[in-house]
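These notes are about the structure you will find just below.
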Amino acid sequence: MIDQYGRTIEYLRISVTDRCNLRCVYCMPEEGIEQLPHEQILTFDEIERVCRISTELGISKIKLTGGEPLVRKGLPDLLGKIKRIPGIEQVTLTTNGILLKNQLAELMRQGLDAVNISIDTLDETCYHTVTRCGELNQALEGLQAALEYPNLRVKLNCVPTNQSEEEYIRMAEYAKEHPVEVRFIEMMPIGMGKACQGKSRDELLELLEKAFGNAEPYEKHLGNGPAEYVSFSGFQGRIGFISAVSHKFCDSCNRIRLTAEGYLKLCLQYESGIDLRKLLRSGATDEEVKEAMRQAIWKKPACHNFSDERRDEEVGQKKEHRAMYGIGG
Ligand code: SAM
Ligand code: SF4
Numbered sequence: 001m002i003d004q005y006g007r008t009i010e011y012l013r014i015s016v017t018d019r020c021n022l023r024c025v026y027c028m029p030e031e032g033i034e035q036l037p038h039e040q041i042l043t044f045d046e047i048e049r050v051c052r053i054s055t056e057l058g059i060s061k062i063k064l065t066g067g068e069p070l071v072r073k074g075l076p077d078l079l080g081k082i083k084r085i086p087g088i089e090q091v092t093l094t095t096n097g098i099l100l101k102n103q104l105a106e107l108m109r110q111g112l113d114a115v116n117i118s119i120d121t122l123d124e125t126c127y128h129t130v131t132r133c134g135e136l137n138q139a140l141e142g143l144q145a146a147l148e149y150p151n152l153r154v155k156l157n158c159v160p161t162n163q164s165e166e167e168y169i170r171m172a173e174y175a176k177e178h179p180v181e182v183r184f185i186e187m188m189p190i191g192m193g194k195a196c197q198g199k200s201r202d203e204l205l206e207l208l209e210k211a212f213g214n215a216e217p218y219e220k221h222l223g224n225g226p227a228e229y230v231s232f233s234g235f236q237g238r239i240g241f242i243s244a245v246s247h248k249f250c251d252s253c254n255r256i257r258l259t260a261e262g263y264l265k266l267c268l269q270y271e272s273g274i275d276l277r278k279l280l281r282s283g284a285t286d287e288e289v290k291e292a293m294r295q296a297i298w299k300k301p302a303c304h305n306f307s308d309e310r311r312d313e314e315v316g317q318k319k320e321h322r323a324m325y326g327i328g329g
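Letter 155 of the sequence shown, counting from 1, is numbered 155 in full-length UniProt numbering, and no numbers are missing.
See below:
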């Protein structure tokens with residue numbers, strides 16, 4: 001459907017859990033995490049129902065995320081159920097890759113279209129520091145397994161924070177050696193990210209151009225997101241930048257988000273949205289749920305304003321209190 005600003009909304013990101021097997025410094029606190037009780041998390045049937053209803057509003061692309069989506073038992077079954085809904089064209093996954101190797105065959109059987117794997121560095125020690133507990137080789141095994149399926153689109157996501165320049169170059173080199181898009185995601189001031197240092201697209205591009213020569217803009221659309229791609233001579237894959245803060249793309253935002261507890265979020269920065277779980281569990285009909293979703297989507301905020309220091313009352317919007325692992329990124 002079209003929102004009040006004329007944007008076509010066709011992409012729904014669903015966080016299936018707030019739990020994770022890693023503790024990335026910019027996403028999750030090390031300890032003291034209050035996990036949602038199971039009964040507060042949407043069941044697979046509820047998620048499937050929301051997906052089915054949302055197709056009637058024009059949603060055709062679904063991303064499963066989290067927390068770590070693969071820690072939720074039975075995720076491939078959910079993926080298959082969503083994939084079989086008439087009107088759903090693509091179901092994709094964002095994962096840290098740790099559990100991917102073991103689940104990939106089943107995910108593929110159920111119709112996985114593409115996977116984004118988050119690996120912030122290819123240096124084992126640094127990976128362990130960023131994730132606080134992760135084993136790089138497990139994530140790489142997941143990535144390797146994904147690359148063995150020629151029909152699966154694979155992207156590698158890296159959030160630049162305190163990695164060294166060599167590590168960014170090494171990360172980009174992965175796209176030289178493999179047919180994979182390597183994307184640098186700018187740190188967003190959400191949750192733990194507020195206290196973390198990031199690196200801008202311009203800084204990274206300068207660094208990469210020094211190492212690999214001039215970058216050529218790559219205009220072809222790769223996937224459903226806002227990444228801007230460039231190509232370097234001799235590379236098999238492209239390098240992407242998702243720069244929500246320094247290069248805002250709200251004018252073309254096509255997405256909405258469903259949190260693990262069933263809150264339909266319209267913009268990453270703001271809390272505005274509706275409590276779909278309450279509605280689903282109150283006996284609302286599909287038509288009523290659809291109408292509530294339609295009204296909420298219509299009011300999707302025009303843009304985020306991460307640099308706006310004003311208080312909520314001055315802005316007239318409540319800022320998001322959830323951390324990224326509770327939203328789905
Ligand atoms: N656990 C999965 C993963 O890491 O891919 C899925 C959930 S994670 C929240 C989704 C994406 O959000 C990851 O690529 C992660 O690096 C990114 N992310 C988390 N916190 C962020 C922040 N503050 N700014 C930018 N990206 C962030
Ligand atoms: Fe977990 Fe992904 Fe957050 Fe890292 S970024 S802590 S893997 S949810």
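In this text, a Cβ means the ideal position worked out from N, Cα and C, and glycines have one as well.
Nothing here was measured: the structure is a model prediction, and the numbers come from that model.
For R84, count neighbouring Cβ atoms within 10 angstroms of its own Cβ and tell me buried if that reaches 16, exposed if not.
exposed
Where R255 falls, given that 16 or more other Cβ within 10 Å makes a residue buried
buried
Thinking C-beta only, is G328 closer than 8 Å to T285?
no
Within the present structure, is the beta-carbon of N96 separated from the nearest heavy atom of the ligand SF4 by less than 7 Å?
yes
Nearest to I98 by alpha carbon, out of S233, G142 and L64?
G142
Among E56, D123 and S15, nearest to R72 - alpha-carbon criterion:
S15
Would you say the beta carbon of N151 comes nearer than 7 Å to a heavy atom of the ligand SAM?
no
Check whether L147 and V115 have beta carbons under 8 Å apart
no
Compute the distance between the beta-carbons of E48 and I82, then report whether it is under 8 Å.
yes
Residues bridged to F184 [DSSP beta-bridge criterion]
C158 and F241
Go ahead and pull the three-state DSSP assignment for L100.
helix
With DSSP as the reference, label residue 332 as helix, strand or coil.
Residue 332 lies beyond the range of the chain shown here (1 to 329); nothing can be said about it.
What does DSSP give as the partner residue(s) for T8 in the beta ladder?
I2
8 Å Cβ shell around L57 - same chain, five flanking residues per side excluded:
M1, I9, K290, M293, R294 and I297
Can you look up G265 in the DSSP assignment and give me helix, strand or coil?
The sequence shown places Lys at residue 265, rather than the Gly named in the question. Here K265 sits in strand by DSSP.
Assigned exposure category for R52 - 16 Cβ within 10 Å defines buried
buried
Is I239 near Y229, with beta carbons less than 8 Å apart?
yes
Is M187 close to the ligand SAM? I mean its beta-carbon at under 7 Å from any heavy atom of the ligand.
yes
Beta strand (DSSP E) runs contained entirely in the stretch 113-138, provided each spans 3 or more residues:
114-118
Beta carbon of G67 nearer than 8 Å to that of T17
yes
Chain-ordered list of residues that sit, by beta carbon, closer than 7 Å to a heavy atom of the ligand SF4
C20, L22, R23, C24, C27, M28, G66, G67, E68, N96, S118, T131, M324, Y325 and G329
I need the DSSP call for Q90, collapsed to helix, strand or coil.
strand
Rank I274, D113, A139 and Y263 by C-alpha distance to the C-alpha of I119 and give the top, closest one.
A139
Measure the alpha-carbon distance for E124 versus L136 and round it to whole angstroms.
6 Å
CA-CA distance, residue 331 and G213?
A question about residue 331 goes unanswered here, because the residues of the chain that appear run from 1 up to 329.
Of all the beta strand (DSSP E) runs that stay within the bounds of the stretch 254-304, which reach a length of 3 or more residues?
255-258, 263-265 and 273-275
Name the residue from R322, A172, P150 and Y149 whose alpha carbon lies nearest to the alpha carbon of N157.
A172
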